[in-house]
Every structure is written in structure tokens, then in C-alpha cells.
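Down below is the structure, laid out as C-alpha cells.
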Ligand SMILES: Cc1cc2nc3c(=O)[nH]c(=O)nc-3n(C[C@H](O)[C@H](O)[C@H](O)COP(=O)(O)OP(=O)(O)OC[C@H]3O[C@@H](n4cnc5c(N)ncnc54)[C@H](O)[C@@H]3O)c2cc1C
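Here it is in C-alpha cells:
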């Protein structure tokens, strides 16, 4: 284990679980663009998908540090936590802002695996990164809301029972600030699909089931509004730090996988009568990638520990995400170069993990938006957008 690695027991348990799903399992799914149903089931049975759900609701009541180790170890094993990670952070919106009745109704079932809350509907085709410009509306009519609009790149809808949805409940010209008048709903996908909600899958570069959603007068019971109407944007922001830290941990997992693979290859592959790793042109980039992954891990742990103590951690969570995403992408390139032509061959898994880790530069938050956050909120520079 690397020097900064803690929680040995949890790591070893996760490694034993992940060993049941070797790289060939993920490779095959990637080729078929199939969902890792057996893996998600095993993770759920072991209680790890309910890691952050408090014990009183049947979850494991783990810290964010521990939850982040679970996701890190999945990616480090050669797998991909993407198909199942959302439940960990989307559940937080319900936990923090849901009513007692909502929490009692849903959290125990999410913890037991009876219900999956894997979908999170925020992004829209026109608004893009500018979330407060979304145009999907939810209009109250008696004891329900009627939802109209479009969402894009909404992941795991086909493998989820529930979705957290952000929609505008007060028109833009009736609010003082754009961030006002947005609300969060818990949408029962089983009831909505075929009753106004249609889904069009979008094939992307990686094995991530993502969809365009069209809401045409979809009815959502008023009791599914989370928290207060009009405060939804703040609720979504509240979940961002946990999301950033968990995604950073996945990047660390990827980074460690790439460095380990590159190191092994550099040691074993002989060209010109010596191991390629004896050449500084191969050895030093691997060492550099290792250093960057380890440094990013320290920021990830610092952010997660602050989060677990209930202290402000916005800057650290954002910096951890950026450092870790950059470190994993650098490590991916180093591994690709170390493998030479073999890096592009599907059977070695480098090209698959290379594609998978590239996503983190763009989603769930793009690198530019993190730089803008640090520029404005940490350094006090003028808002750039
Ligand atoms: C595989 C995948 C899965 C996804 N899953 C989900 C999901 O489950 N739920 C969900 O809601 N969304 C999801 N997304 C959407 C994702 O969060 C968005 O793609 C991302 O937020 C960027 O939005 P956009 O694609 O519209 O880019 P745009 O907003 O068009 O931005 C394009 C580029 O311009 C840059 N840019 C824009 N504005 C500025 C600025 N002011 N300053 C500097 N640079 C700027 C951005 O950083 C980006 O690099 C997913 C996306 C992908 C690819």
C-alpha cells in the first residue's frame, strides 16, 4: 500500500470483493456497453452502497473518508465506480433536506437495495454548465407538480428507481436572483416513464449509460418536493463538496492503477536488451505521475476529514477534484506511452481506463469551473462569468 493509505481493513475487504470482478469482467461490459449488474448487486449486499446512510435508516453510517476509499478501491482494481457512485452522493440531498417522512419512506429501502437512487437530473441542452439558466419547469397544480422540459446526459436512468430532479418552480422574471425559484424533487422513475417521461439513450466514449430525457406534463406528487420550494439550487450546491471528494477518490484509484501497471510493464518489458524502465525517458514520467497521485491524495484526505468534522471544505474539495483528475489523466498518458502499441490494444485495459479517466476533466464538474471557483471564492478575484 502507498504511504498515505489508511483504513487497511476496509481496503483489504474491498480488494477481496473487487477480486471477484477481474479486469476481463469490466472489459466485456465495456465492449457490450452493459451495466455491471452483478458487481452492483455484490456491492449492495456487502452494504457498501449504503455506506453514507446513517445506521438508524439501515445504512453503514460510514464517514466520507471511508466512502471515498470504497470508490477508490473499485477504480484501483481496474473497475469503474461510475455506474454506481451516484447513490452515495445523491442520497445526501434526501438525507440533509428531506422531511422525516421522506427519509423514513426511502432511506431504509435504498440502504437495503430494494430501491436504487442512481439518477440525478440537472444538466440541460441549452443551459449546460450555467445551471441556474435551466428551463425545465415544475408547476404546482393541487396536490402535484406538472413537469415539462428536457435534460441531457442523465446517467443510470435505466438502472434506477428514483431520480433527484432540479426544475424551475418560479419563472426567472419573478425572482431577484437566478439561483432562486429552483426546486428539487424525488421522481419515481417507474411511475414517470411511459407517463409523460421519455428517454433516449446517448452512446458515449465510455461504458456509462446516459440519456436524454423529455418531460411532457409529467406529474410528480407534491409530497415528493424535497425541502422548501424555491431553495433547490442551494440544496444541490450543498451536495457538491461530497461529490467532488468522492470523484477525487475515484481519480486517485485510477491514478494508482495506471502507475502500478506502468511500473510493472516498465520492469518486465525488455527492448534493446534491457528493461524499458531503465531508460529515464520511461522511468521518470512514471515517478512524476506517482508523485502527483500521492500529492493529490493528501488533498483528498484533507478535504474528506474536514467534511467529516462538519467544517467548511469547499476550497479543499474543489482542489482535491482538480488535482486528482489531473493526476489520473497524467498517469493515464504515462501508462499509454509505457505500453507503446500494446496500450491501444483492448486486451490490456489501458485504453479502456484511459477513456474512463478522461471523463473527470469534464464531468461531473469541468476543470474550468473549479479554477473559476478558486479564483473567485478563494483568491477574491472578480467573477469571470
Ligand atoms: C458521461 C457523462 C455523464 C453525465 N452524467 C450526468 C448526470 O447524471 N446528471 C447530470 O445532470 N449531468 C450529467 N452529465 C453532464 C455534465 O455534468 C456536463 O456535461 C458538464 O456539467 C458540462 O456541461 P456541458 O456539457 O453542457 O458543457 P458546456 O457548459 O457547454 O461547457 C463546455 C466547455 O466550456 C467550458 N465553460 C463553460 N462556461 C465557462 C466559463 N464561464 N468559464 C470557463 N469555461 C467555461 C466548460 O468548462 C466546458 O469545458 C454527464 C456528462 C457526461 C459526459
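Residue numbers (this note's numbering): 412 to 796. Positions of the beta carbon are idealized from the N, C-alpha and C atoms, including for glycine. Bear in mind the structure is a predicted one, so any value in this text is a computation, not a measurement.
With C-beta atoms as the reference, is residue i less than 8 Å away from residue j?
i: residue 710; j: residue 785; result: no
i: residue 624; j: residue 558; result: no
i: residue 531; j: residue 490; result: no
i: residue 629; j: residue 660; result: no
i: residue 649; j: residue 739; result: no
i: residue 597; j: residue 577; result: no
i: residue 749; j: residue 693; result: yes
i: residue 734; j: residue 727; result: no
i: residue 534; j: residue 563; result: yes
i: residue 647; j: residue 595; result: yes
i: residue 672; j: residue 688; result: no
i: residue 537; j: residue 546; result: yes
i: residue 444; j: residue 614; result: yes
i: residue 515; j: residue 505; result: no
i: residue 611; j: residue 619; result: no
i: residue 528; j: residue 571; result: yes
i: residue 656; j: residue 707; result: no
i: residue 523; j: residue 469; result: yes
i: residue 579; j: residue 548; result: yes
i: residue 474; j: residue 719; result: yes
i: residue 498; j: residue 460; result: yes
i: residue 700; j: residue 745; result: yes
i: residue 428; j: residue 453; result: yes
Is residue i helix, strand or coil when you go by DSSP?
i: residue 532; result: strand
i: residue 435; result: helix
i: residue 737; result: helix
i: residue 631; result: strand
i: residue 454; result: helix
i: residue 717; result: helix
i: residue 765; result: helix
i: residue 686; result: strand
i: residue 508; result: helix
i: residue 480; result: helix
i: residue 428; result: helix
i: residue 697; result: helix
i: residue 636; result: strand
i: residue 496; result: helix
i: residue 407; result: Lying before the first or after the last residue shown, residue 407 is absent from the chain, which here runs from 412 to 796.
Using a Cβ-Cβ cut-off of 7 Å (strictly less than) and excluding sequence neighbours within five positions of residue i, which residues of its own chain qualify?
i: residue 775; result: 654 and 658
i: residue 766; result: 616 and 617
i: residue 434; result: 489 and 760
i: residue 477; result: 418, 421 and 462
i: residue 601; result: 572
i: residue 772; result: 736, 740 and 778
i: residue 796; result: 783
i: residue 697; result: 670, 673, 674, 677, 745 and 749
Here's a check: name, in chain order, each residue in its chain whose Cβ is nearer than 8 Å to the Cβ of residue i, leaving out the five neighbours to either side.
i: residue 426; result: 484 and 488
i: residue 681; result: 687
i: residue 723; result: 717
i: residue 520; result: 526
i: residue 456; result: 524
Grab me the residues of residue i's own chain with a C-beta within less than 6 Å of its C-beta, minus the 5 sequence neighbours each way, in chain order.
i: residue 743; result: 669, 765 and 768
i: residue 755; result: 762
i: residue 447; result: 440 and 494
Report the start-end ranges of each beta strand (DSSP E) in the stretch 545 to 624 that is 3 residues or longer and not cut off at the edges.
548 to 552, 555 to 566, 573 to 579, 593 to 599 and 608 to 613
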